[in-house]
Each structure stands twice: as C-alpha cells, then as structure tokens.
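A.B. asks: Can you read through this structure? Questions will come right after.
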Amino acid sequence: MAKLHLALKAEYFDAIRDGTKPEEYRLANAFWKKRLIIGGERGVLHRSFDGIVLTKGYPKRDDQSRRIELPWRGFTRKTITHPHFGPNPVEVFAIDVSAIKEPTAEAGVSV
C-alpha cells in the first residue's frame with residue numbers, strides 16, 4: 163500500500179506541526195474522489211493508506227525539516243466556508259492530520 167503525499171502552504175504546514183490544525187481540507191472534486199474513494203465518483207468505500215506525508219511546499223528529498231509523516235487516520239466529508247475556497251460553502255474531504263501525543267510519565271512516578 164502507498165502513502166498519501168500532500169504538499170502544503172507554509173502556514174498550514176506550520177499549524178499542523180504545532181498541533182493547532184487537526185484537519186487538512188481537499189475540495190471534494192473528481193480529482194480527490196479518485197484518490198480517496200474506491201470507485202471514484204460512484205464509490206462509497208474509503209481508500210486506506212500506509213501513512214500520510216505532509217510537506218512544506220516541495221522540499222528536496224533529504225530535507226526532513228519540511229516533512230511530517232503521520233499514520234493514516236482517514237477522512238470525513240464536510241461542508242465548510244474557508245477563504246482558500248472562496249466565499250461560498252463547499253464540500254471538502256477533511257483529512258485527519260491530528261498528532262498523536264505519546265503518553266509521558268508524571269514526575270516522581272517510577273514505572
């Protein structure tokens with residue numbers, strides 16, 4: 163299985179990295195339906211990926227500072243209004259890019 167690669171604008175990449183943006187939106191058009199739904203326009207089953215790779219623009223292959231790899235946690239369909247898509251509400255795929263925080267041991271507690 164493959165990883166889903168998404169190139170992002172710097173402001174969105176930084177927000178995801180900082181944990182303030184839990185979803186990345188892609189317009190629910192034929193292009194994205196073909197990539198995210200088995201059967202494209204007429205399909206109902208969501209594709210699964212080995213993971214998701216987010217990049218800040220199009221970095222060189224060895225530039226790890228502009229790359230985030232996350233596990234694939236799926237997507238939902240939503241209707242949103244967002245400046246990137248114009249003034250009218252649009253249907254989007256909201257791809258889950260929330261970071262999973264590793265549990266930390268509380269100070270003074272030994273395990």
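Going from the sequence shown to the numbering used here is simple: count from 1 and add 162. By construction, the Cβ of each residue, glycine as well, lies at the ideal position given by its N, Cα and C atoms. Keep in mind it's a predicted model, so treat the numbers as computed, not measured.
1. Could you name the residues of the same chain whose beta carbon sits closer than 7 Å to that of Ile200, not counting the 5 residues immediately before and after it, in chain order?
2. Could you check which residue in Met163, Val254, Ala261, Ser260 has the C-alpha nearest to that of Ala192?
3. Kindly list the residues whose CB is nearer than 6 Å to the CB of Arg235, restricted to its own chain and excluding five residues on each side of it in sequence; keep chain order.
4. Which runs of the beta strand (DSSP E) spanning at least 3 residues fall entirely within the stretch 181-266, listed in chain order?
5. Comparing alpha-carbon positions, which option in Met163, Arg179, Phe211 lies nearest Leu170?
6. Span of the beta strand (DSSP E) holding Lys165?
7. To which residues of the same chain is Gly213 closer than 7 Å at the C-beta, ignoring the five residues directly before and after it?
8. Roughly how many angstroms separate the alpha carbons of Leu216 and Lys196, rounded to a whole number?
9. Which value, in whole angstroms, describes the spacing of the CA atoms of Pro251 and Ala190?
C.D. replies: Answer, in terms of the structure:
1. Leu207, Arg209
2. Val254
3. Asp258
4. 185-189, 213-218, 229-232, 237-244, 248-258
5. Arg179
6. 165-170
7. Lys165, Glu231, Leu232, Pro233, Trp234
8. 19 Å
9. 12 Å
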